[in-house]
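J.:
Number of protein chains: 2
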Amino acid sequence: MSQAKKIAAIIGGGVIGGGWAARFLLNGWDVQVADPDPQAERKISEVLANARRSLPALYDVALPAEGRLSFVGSIAEAVQGAAWVQESVPERLDIKHKVLADITAAAEPGTIVASSTSGFKPSELQEGNAKAGQILVCHPFNPVYLLPLIEVVPSPATRTDIAEAASSILTSVGMKPLLVRKEIDAHIADRFLEAVWREGLWLIKDGIATTEEIDDAIIYGFGLRWAQMGLFDTYRVAGGEAGMRHFISQFGPALAWPWTKLMDVPDLTDELIDTIASQSDAQSAHMSIREMERIRDDNLVGMMRALRKNNWAAGQVIAAHEATIKPDFPTIKAEPLVLARRQIPQSWTDYNGHMNEAHYLELYSVGGDNLLQMIGSDEAYVAAGKSYFSVENHIIHAAETKQGDTVVIKGQVLEGQGKKLRVFYWIELEDGTLCATGEQMLIHVDLNTRRACNPDPEVMSNVRAIAEAHAGLPLPDGAGRGVGTKR
Amino acid sequence: MSQAKKIAAIIGGGVIGGGWAARFLLNGWDVQVADPDPQAERKISEVLANARRSLPALYDVALPAEGRLSFVGSIAEAVQGAAWVQESVPERLDIKHKVLADITAAAEPGTIVASSTSGFKPSELQEGNAKAGQILVCHPFNPVYLLPLIEVVPSPATRTDIAEAASSILTSVGMKPLLVRKEIDAHIADRFLEAVWREGLWLIKDGIATTEEIDDAIIYGFGLRWAQMGLFDTYRVAGGEAGMRHFISQFGPALAWPWTKLMDVPDLTDELIDTIASQSDAQSAHMSIREMERIRDDNLVGMMRALRKNNWAAGQVIAAHEATIKPDFPTIKAEPLVLARRQIPQSWTDYNGHMNEAHYLELYSVGGDNLLQMIGSDEAYVAAGKSYFSVENHIIHAAETKQGDTVVIKGQVLEGQGKKLRVFYWIELEDGTLCATGEQMLIHVDLNTRRACNPDPEVMSNVRAIAEAHAGLPLPDGAGRGVGTKR
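Protein sequences, first through last, are from chains A and B. Sequential numbering of the first sequence, starting at 27, is according to my numbering. Sequential numbering of the second sequence, starting at 27, is according to my numbering.
1. Return yes when the Cβ of Tyr246 (chain A) is within less than 8 Å of the Cβ of Pro174 (chain B), no when it is not.
2. Alpha carbon to alpha carbon, what distance is there between Val199 (chain B) and Val57 (chain B)?
3. How about Ile274 (chain A) and Ala303 (chain A): do their beta carbons lie closer than 8 Å?
4. Of all the CB atoms in chain B, is at least one closer than 8 Å to the CB of Phe355 (chain A)?
5. Name the chain A residues whose beta carbon is nearer than 8 Å to that of Asp241 (chain B)?
6. What is the C-beta distance between Ala505 (chain B) and Leu440 (chain B), in whole angstroms, given that I count them as a contact (C-beta under 8 Å)?
7. Is DSSP giving Arg448 (chain B) helix, strand or coil here?
8. What separation, rounded to the nearest whole angstrom, lies between the Cα atoms of Ala367 (chain B) and Tyr390 (chain B)?
9. Give the residues of chain A in contact with Thr237 (chain B), contact being defined as C-beta atoms less than 7 Å apart.
10. Using the rule of at least 16 other Cβ atoms within 10 Å of the residue's Cβ for burial, across every protein chain shown, is Glu153 (chain B) buried or exposed?
11. I'd like to confirm the pairing. Which residues does DSSP put opposite Ser181 (chain A) in its beta bridges?
12. In this structure, does DSSP put Gln29 (chain A) in helix, strand or coil?
13. Please confirm if Arg476 (chain B) has its CB atom under 8 Å from at least one CB of chain A.
14. Shortest alpha-carbon distance to Pro353 (chain A) belongs to which of B:Arg49, B:Trp374, B:Arg334, B:Ala91?
15. Distance, Cα to Cα, Gly442 (chain B) vs Leu363 (chain B)?
16. Report back the beta-carbon spacing between Lys335 (chain B) and Ser373 (chain A) to the nearest angstrom; my notes put them in contact at under 8 Å.
17. List the residues of chain A that Pro292 (chain B) touches, going by C-beta distances under 7 Å, in chain order.
18. Taking the runs of the alpha helix (DSSP H) that are 4 residues or longer, which of them lie wholly in the stretch 169-222 of chain B?
19. In angstroms with no decimal places, state the Cα-to-Cα distance between Gly269 (chain B) and Arg262 (chain B).
20. Any idea what DSSP makes of Phe273 (chain B), helix, strand or coil?
21. In the DSSP assignment, find the unbroken alpha helix (DSSP H) run with Thr350 (chain B) in it and report its ends.
22. What's the C-alpha gap between Ala346 (chain B) and Ile358 (chain A)?
23. Grab me the residues of Asp300 (chain B)'s own chain with a C-beta within less than 8 Å of its C-beta, minus the 5 sequence neighbours each way, in chain order.
24. At 4 residues or longer, and completely inside the stretch 76-161 of chain B: list those alpha helix (DSSP H) runs for me, N to C.
25. If the cut is a Cβ gap below 9 Å, which residues of chain A does Glu220 (chain B) touch?
26. At 3 residues or longer, what runs of the beta strand (DSSP E) sit wholly inside the stretch 388-451 of chain A?
27. Going by DSSP in three states, Ile36 (chain B) sits in which element: helix, strand or coil?
28. Between the stretch 318-338 of chain B and chain A, which residues of the former have a C-beta closer than 8 Å to a C-beta of the latter?
29. Tell me the rounded alpha-carbon separation between Met255 (chain B) and Leu229 (chain B).
30. Cutting at 7 Å between CB atoms, please list the residues of its own chain near Trp55 (chain A), excluding the five before and the five after it.
31. Along the alpha helix (DSSP H) that carries Arg322 (chain A), what are the first and last residues, could you check?
32. Would you check if the distance between the CB atom of Ala424 (chain B) and the CB atom of Leu460 (chain B) is smaller than 8 Å?
33. Say whether chain B places a C-beta atom closer than 8 Å to the C-beta of His347 (chain A).
34. Taking Ser144 (chain A) as the reference, which of A:Glu177, A:Lys124, A:Gln160 has the closest Cα?
35. Is the beta carbon of Val485 (chain A) sitting closer than 8 Å to the one on Ile401 (chain A)?
36. Label Pro135 (chain B) either buried or exposed according to how many other C-beta atoms from any shown protein chain fall within 10 Å of its C-beta, with 16 as the threshold for buried.
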């Protein structure tokens with residue numbers, strides 16, 4: 027790997043070439059693009075705009091300074107000085123042969139010449155090329171700037187040093203190289219996609235299901251599973267303590283059943299069962315089934331909570347369900363309001379084995395949102411252009427909170443006049459143990475000017491009603507205090 | 027739907043029956059289990075333990091009070107008073123017939139009698155049953171308490187009111203009913219699973235890939251995609267502005283290629299292409315392709331960040347990559363330390379169109395973790411039984427922060443002696459604009475006793491070095507202040 031250079035040549039723009047360009051640029055590589063399409067620059071810049079808003083968001087540190095992007099007039103210019111050349115031209119073998127010949131003619135001997143093809147095997151691409159040893163397939167998945175999988179497929183004629191350097195560079199730009207040890211039509215992943223696609227065509231043709239119903243069958247079920255454990259780890263967990271060998275061997279008879287149009291099946295011989303069971307052991311026997319179940323569940327919960335943020339797919343189901351079980355607003359009287367009650371998810375805990383500090387604020391912020399709903403600063407109010415912004419927060423931690431604890435959030439309005447709303451929160455376990463207190467100053471704002479202003483009369487009068495009911499309550503312990511002040 | 031009763035009968039325990047029991051119980055239903063297996067109670071309680079730690083974690087409100095679980099000696103007793111009966115006995119038609127006969131003999135006329143079967147069509151289950159109209163298939167996906175998908179398959183003999191009530195009840199317990207309009211072997215989702223499984227068997231048998239390589243091909247690529255958009259929405263986005271019809275019609279020739287062992291394929295006629303394109307329009311034409319790309323990317327980032335929390339699958343790739351690009355520790359001198367730099371992800375923004383308040387604490391908490399690494403309170407130190415806990419936090423918000431902004435976190439040690447570590451943070455945009463300040467009191471603790479204690483000598487001397495370097499710096503604006511205090 028030519029570390030010093032860090033130049034990648036992108037031959038063929040479009041969505042795939044653009045995704046490659048973005049992946050390299052955002053990891054600090056310079057990128058030289060050659061594409062005869064006059065729209066190439068526009069297309070790549072659109073992909074790049076998407077990549078800039080999402081790839082860096084995966085990391086808790088800034089990515090390296092972005093590399094330099096240039097568009098050049100020829101393949102030879104693009105390949106100049108490049109440690110990596112990525113070919114993503116149309117899927118026609120004659121075009122690929124011509125382009126690869128131009129690339130290898132211009133490339134240095136150590137340059138990796140990778141093709142994005144899904145349709146051709148590397149040996150097919152190498153036919154007639156004088157420098158075939160530099161060529162291999164590196165098949166990505168759209169969006170290339172986000173999805174980690176990359177199938178690295180050398181042929182027997184590909185140089186070993188080229189294949190090894192390819193995996194190392196791909197890892198260095200955040201990808202997950204999967205070495206395909208024997209070349210095969212469509213490599214590995216696309217064979218599965220093709221099988222699903224063909225089965226899907228039958229279901230649509232036979233009027234069994236629509237595209238939307240098929241997509242629903244995927245996103246609400248096995249898609250979620252497969253984002254975190256594959257086919258075999260999923261079956262391993264399903265098989266439970268009885269073991270993979272036992273579970274798989276039950277499937278023999280079903281292979282003869284018309285459960286798919288794919289009826290050309292191998293016999294599930296003892297030998298094949300043994301192969302599967304021992305490969306599965308090598309893959310996952312370091313974890314118990316119970317451990318895998320919990321990892322699976324934590325992953326599913328985390329992913330579904332992420333989807334929920336976007337009110338999408340499984341996350342939409344959760345949000346809709348939650349709306350039906352949300353408790354009524356509490357009655358306003360001379361005592362703190364019970365604003366929320368919830369269980370602490372695993373994803374909120376940290377390396378100290380307790381809920382991470384940031385989630386205390388998130389917890390009472392949910393309570394605060396419920397308070398805002400109560401006073402009429404709700405979705406419609408926000409849509410009409412006004413809202414409350416938090417301008418100050420103070421948290422005093424009193425006891426640790428662990429995954430699975432159910433906590434209650436109570437709130438007392440300390441100040442509620444004009445644009446100001448100051449609230450004091452208690453986060454308690456159900457037995458009354460105090461975990462933390464929070465003090466929050468909210469300011470009412472106009473969302474167009476982003477400046478402070480008084481709330482609408484109805485909201486103002488709702489705030490006043492709570493503030494008056496709470497006016498006689500004692501000042502909570504910790505209110506108004508600064509960090510490190512003696513208690 | 028018999029709202030008043032809310033009793034579910036679970037006939038057949040095991041992983042699937044247990045998952046159903048958990049789904050109903052945690053949604054406030056009473057559950058009556060009949061299973062001749064002497065291990066049934068243990069098996070269900072194990073599933074229930076998993077469900078209790080994960081299902082409530084999906085929601086930001088507490089679920090209803092858990093229902094009552096009872097184990098009874100007969101099917102008739104279990105069915106007593108039940109609005110829902112779920113049959114999950116072994117996949118043999120003679121056993122199913124016998125059990126369903128016992129269920130329908132004891133059930134009230136409005137009771138839904140649902141089977142978890144994947145192997146039989148509802149018309150097969152109904153054969154010879156006097157109350158066939160109450161029977162339908164409701165096929166869940168493991169883990170039943172988390173995955174929303176449920177295939178609802180009536181036969182022509184199933185009563186319409188039963189099928190409708192079934193969907194309504196399933197929705198009320200947080201599931202996503204997918205009505206399968208024409209019964210077919212294996213319903214819909216399992217036909218895809220079966221196709222993938224059969225293709226996988228070939229790859230293993232032919233020595234192309236191991237179980238682990240196949241699972242990697244799934245979890246790092248199309249699994250992530252399919253957790254949030256299915257096959258057809260994914261192709262719609264890939265097709266871009268040229269449209270679904272154009273994109274799909276390109277696939278015709280590939281159907282003749284050996285890209286899977288599934289070689290019995292329908293012709294991709296104009297009629298079939300039109301059907302797919304118009305169904306896809308009905309499904310998603312309310313969004314532009316650009317909009318779908320951004321939704322997709324936000325979903326992928328959110329899910330991968332969730333996986334990262336568990337250092338699992340795609341999340342593990344990100345964490346490993348981040349470790350290679352993490353900047354070095356800053357030099358200690360008489361100025362605030364630059365502790366972190368990062369971009370604001372979309373998932374951190376809220377309905378006000380800016381970063382949600384809780385993430386300010388998360389942001390400087392990451393800075394604080396870097397400071398702890400610097401002073402030697404790192405992974406090894408935590409593993410050896412000591413750490414710092416945050417006991418107090420104060421945030422003053424100064425300016426809004428938006429998705430895509432890159433922020434810099436700086437820190438000044440205000441106090442660093444004995445078990446106390448007090449730090450002041452600035453969160454700034456790259457141009458120096460102040461977004462927020464944070465003040466944090468950390469206390470050094472023994473992780474075994476969970477009580478305060480002095481740090482190890484090396485950590486203590488590292489803290490002292492920074493505290494001394496920062497001793498001459500002016501007290502930052504806002505330090506020591508309480509909420510609502512005049513500036």
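Ideal Cβ placement from N, Cα and C applies to all residues, glycine included.
T.: On the basis of the coordinates in this document:
1. Cβ atoms of Pro174 (chain B) and Tyr246 (chain A): closer than 8 Å.
2. Pairing Val57 (chain B) with Val199 (chain B), the inter-Cα distance amounts to about 13 Å.
3. Contact check for Ile274 (chain A) against Ala303 (chain A) passes: the beta carbons are separated by less than 8 Å.
4. It does not: the Cβ of Phe355 (chain A) has no partner Cβ on chain B nearer than 8 Å.
5. Correct list: Met255, Gly256, Leu257, Phe258, Asp259, Gln309.
6. With 8 Å as the limit, Ala505 (chain B) and Leu440 (chain B) qualify as a contact, their Cβ atoms being about 6 Å apart.
7. Secondary structure of Arg448 (chain B) (DSSP, three-state): strand.
8. First, the residue type needs correcting, since residue 367 (chain B) is Arg and not Ala in the sequence shown. One Cα belongs to Arg367 (chain B), the other to Tyr390 (chain B), and the distance between them is close to 10 Å.
9. Within chain A, the C-beta atoms nearer than 7 Å to that of Thr237 (chain B) come from Phe258, Ile302, Gln305, Ser306, Gln309, in chain order.
10. Exposed, since its Cβ has fewer than 16 Cβ neighbours within 10 Å.
11. Answer is none; Ser181 (chain A) lacks a bridge partner.
12. Only weak support exists for where Gln29 (chain A) lies, its pLDDT of 47 falling under 50; the value from the coordinates is given anyway. The DSSP-derived three-state label of Gln29 (chain A) is coil.
13. Interface residue, yes.
14. Considering only alpha carbons, the answer is B:Ala91.
15. Distance between the alpha carbons of Gly442 (chain B) and Leu363 (chain B): 15 Å.
16. 5 Å between Cβ atoms; contact.
17. By Cβ distance, chain A contributes Leu227, Trp228, Lys231.
18. Those alpha helix (DSSP H) runs which fall completely within the stretch 169-222 of chain B and span 4+ residues are 186-198.
19. The alpha-carbon atoms of Gly269 (chain B) and Arg262 (chain B) are separated by roughly 7 Å.
20. Shown here, Phe273 (chain B) sits in a helix according to DSSP, grouped into three states.
21. Residues 340-351.
22. Distance between the alpha carbons of Ala346 (chain B) and Ile358 (chain A) is about 51 Å.
23. Short of 8 Å from the beta carbon of Asp300 (chain B), and not among the five residues preceding or following it, lie these beta carbons of its own chain, in chain order: Arg271.
24. Fully enclosed alpha helix (DSSP H) runs of 4 or longer: 101-105, 119-132, 148-152.
25. Those are Glu225, Ala280, Leu281, Trp283, Trp285, Thr286, Leu288, listed as they occur along chain A.
26. Entirely contained in the stretch 388-451 of chain A, the beta strand (DSSP E) runs reaching 3 residues are, in chain order, 412-423, 432-443.
27. If DSSP states are grouped into helix, strand and coil, Ile36 (chain B) belongs with the strands.
28. Within the stretch 318-338 of chain B, the qualifying residues are Glu319, Arg320, Ile321, Arg322, Asp323, Asp324, Asn325, Leu326, Val327, Gly328, Met329, Met330, Arg331, Ala332, Leu333, Arg334, Lys335, Asn336, Trp338.
29. The alpha-carbon atoms of Met255 (chain B) and Leu229 (chain B) are separated by roughly 26 Å.
30. Only Lys32, Ile33, Ala34, Gly93 meet the Cβ criterion.
31. Run containing Arg322 (chain A): 315-335, per the alpha helix (DSSP H) assignment.
32. Closer than 8 Å, so yes.
33. At least one chain B Cβ lies under 8 Å of His347 (chain A).
34. Shortest Cα-Cα distance from Ser144 (chain A) to any of A:Glu177, A:Lys124, A:Gln160 involves A:Glu177.
35. Taking 8 Å as the Cβ cut-off, Val485 (chain A) and Ile401 (chain A) qualify as a contacting pair.
36. Counting the other CB atoms within 10 Å of its CB gives Pro135 (chain B) a total below 16, which places it among the exposed residues.
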